[in-house]
Each structure stands twice: as structure tokens, then as C-alpha cells.
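Scroll down for the structure; my scribbles are underneath it.
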Amino acid sequence: MEIKLTVNAQLVTVEVEANLLLSALLRDRLRLTGTHVACDTSQCGACTVLVDGASAKSCTLLAAEAAGSSVVTIEGLAADGALHPMQQAFHEQHGLQCGFCTPGMVMSAVDLVAVNPDPSEAEIRAWLKGNICRCTGYQNIVKAIRAGAAALRSA
Ligand code: FES
Ligand code: FES
Numbered sequence: 009m010e011i012k013l014t015v016n017a018q019l020v021t022v023e024v025e026a027n028l029l030l031s032a033l034l035r036d037r038l039r040l041t042g043t044h045v046a047c048d049t050s051q052c053g054a055c056t057v058l059v060d061g062a063s064a065k066s067c068t069l070l071a072a073e074a075a076g077s078s079v080v081t082i083e084g085l086a087a088d089g090a091l092h093p094m095q096q097a098f099h100e101q102h103g104l105q106c107g108f109c110t111p112g113m114v115m116s117a118v119d120l121v122a123v124n125p126d127p128s129e130a131e132i133r134a135w136l137k138g139n140i141c142r143c144t145g146y147q148n149i150v151k152a153i154r155a156g157a158a159a160l161r162s163a
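Residues are numbered in the numbering used here as their position in the sequence shown, beginning at 1, plus a constant of 8.
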């Protein structure tokens with residue numbers, strides 16, 4: 009079937025099979041490989057993107073379900089060559105080790121601060137329960153999200 013959706017502010021028209029996952033559309037068809045896939049079973053959050061502004065695990069959505077939606081991936085956050093404040097905060101606070109979980113963490117954090125601009129450490133940790141870091145670098149991830157939230161508040 010043919011679907012239309014917006015991906016990183018670009019209108020996309022694409023032919024998809026009914027069972028194609030959104031993660032596969034993004035990575036394999038659109039070559040947006042910043043969206044990672046680790047578990048494929050909705051456990052790890054590596055595949056998190058924004059769908060109409062809300063974080064969603066793209067391995068758990070069919071591409072067809074995203075028809076008509078606006079999808080933002082990690083590639084869509086930077087603007088005019090400048091990192092998004094949350095990306096910058098992960099960089100400055102060393103919020104990553106191998107970096108595999110990082111796109112999903114950043115997208116999830118962007119959604120968090122949209123609904124809660126000044127999250128406490130406890131609120132951040134609770135929000136991240138669907139995002140797993142196999143390097144277990146949670147301390148700096150939480151610090152990065154606090155810093156990113158502060159930067160966005162003062163922007
Ligand atoms: S790959 Fe989607 S939640 Fe793990
Ligand atoms: S930084 Fe390695 S999985 Fe999180």
C-alpha cells in the first residue's frame with residue numbers, strides 16, 4: 009500500500025507492505041540509521057522516535073500506522089548545523105559510552121522535557137524505564153537530561 013507521512017519535516021510517499029515496521033521503514037528504506045534496533049520486542053527503547061510529538065518505539069509500530077503522522081528521528085533534531093540542546097547536553101555531560109542507546113535516550117528525553125520542562129532526578133529515572141543502556145551509564149544520562157532541560161528552559 010502507498011502511505012504518506014512527514015519524516016523530519018520532509019513529506020514522504022512510500023510503498024509499504026502491511027507488516028513493515030516503522031523502524032524498518034526508517035532504517036532500511038529511508039536510510040535514517042540513527043534510529044537503532046536492538047531488541048525488536050519493545051524492551052530497550054533504542055528505536056525511540058517522536059510520532060506527532062510523543063515518543064514511540066518504532067519497532068512496535070507498523071509503518072502503515074504512522075501514515076499521516078509527523079515523525080522525527082534523531083537526524084531531525086539538529087537545526088542549521090547546531091546540535092539540539094539535548095544532544096549538546098549529552099555531549100557535554102558525557103551521557104554516553106558506546107552510544108548505541110543514545111538516539112533513543114535523547115528522543116525520549118526530548119519528549120519528557122516537552123511535558124515536564126523541569127524534571128527531577130526521580131522523574132527522569134522513572135521516565136527512562138523503557139530505555140535500557142547496556143553500558144549502564146545512567147548517572148551521566150540523568151545529568152545530561154537535567155542539563156538539557158535547563159538549556160531548553162533558558163533558550
Ligand atoms: S528495538 Fe525497539 S524497543 Fe528495542
Ligand atoms: S551508552 Fe552503550 S548502551 Fe548506552
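We treat Cβ as the ideally placed atom computed from N, Cα and C, and that holds for glycine. Because the structure is a prediction, the values reported are computed rather than measured.
Taking the straight line between their C-alpha atoms, what separation do you get for residue i and residue j?
{"i": "G103", "j": "V79", "result": "24 Å"}
{"i": "S66", "j": "S162", "result": "31 Å"}
{"i": "A158", "j": "M9", "result": "44 Å"}
{"i": "C47", "j": "D126", "result": "30 Å"}
{"i": "A97", "j": "E131", "result": "18 Å"}
{"i": "S116", "j": "T56", "result": "7 Å"}
With DSSP as the reference, please indicate the residues paired to residue i in a beta bridge.
{"i": "L19", "result": "T14"}
{"i": "T56", "result": "K65"}
{"i": "A87", "result": "A90"}
Residue range of the alpha helix (DSSP H) that residue i falls in?
{"i": "L160", "result": "146 to 162"}
{"i": "L120", "result": "110 to 123"}
{"i": "A134", "result": "129 to 135"}
With residue i as the anchor, note down where its beta strand (DSSP E) starts and where it stops.
{"i": "S50", "result": "Here S50 belongs to no beta strand (DSSP E), and DSSP marks it neither H nor E."}
{"i": "V79", "result": "78 to 80"}
Cutting at 7 Å between CB atoms, please list the residues of its own chain near residue i, excluding the five before and the five after it.
{"i": "D119", "result": "L58, A62, S63"}
Looking only at C-alpha atoms, which of the options sits nearest to residue i?
{"i": "T68", "options": "L29, T21, G42", "result": "L29"}
{"i": "V150", "options": "T49, G76, R133", "result": "R133"}
{"i": "E25", "options": "Q51, A75, N124", "result": "A75"}
Between which residues of its own chain and residue i is the CB-CB distance below 6 Å, once the five residues before and five after are set aside?
{"i": "W135", "result": "L120"}
{"i": "D60", "result": "S77, S78"}
{"i": "L176", "result": "Not covered by the structure: residue 176. The range shown for the chain is 9 to 163."}
Between residue i and chain C, is there a C-beta pair that is closer than 7 Å?
{"i": "L38", "result": "The structure shown contains no chain C; it is built from a single protein chain."}
Take residue i and list the residues in its own chain whose beta-carbon comes closer than 8 Å to its own, dropping the five residues that flank it on each side.
{"i": "P93", "result": "G156, A159, L160, A163"}
> So which residues put a beta carbon under 6 Å from any heavy atom of ligand 3, going in chain order?
Replying inline: In the structure shown, ligand 3 is absent; the only ligands present are ligand 1 and ligand 2.
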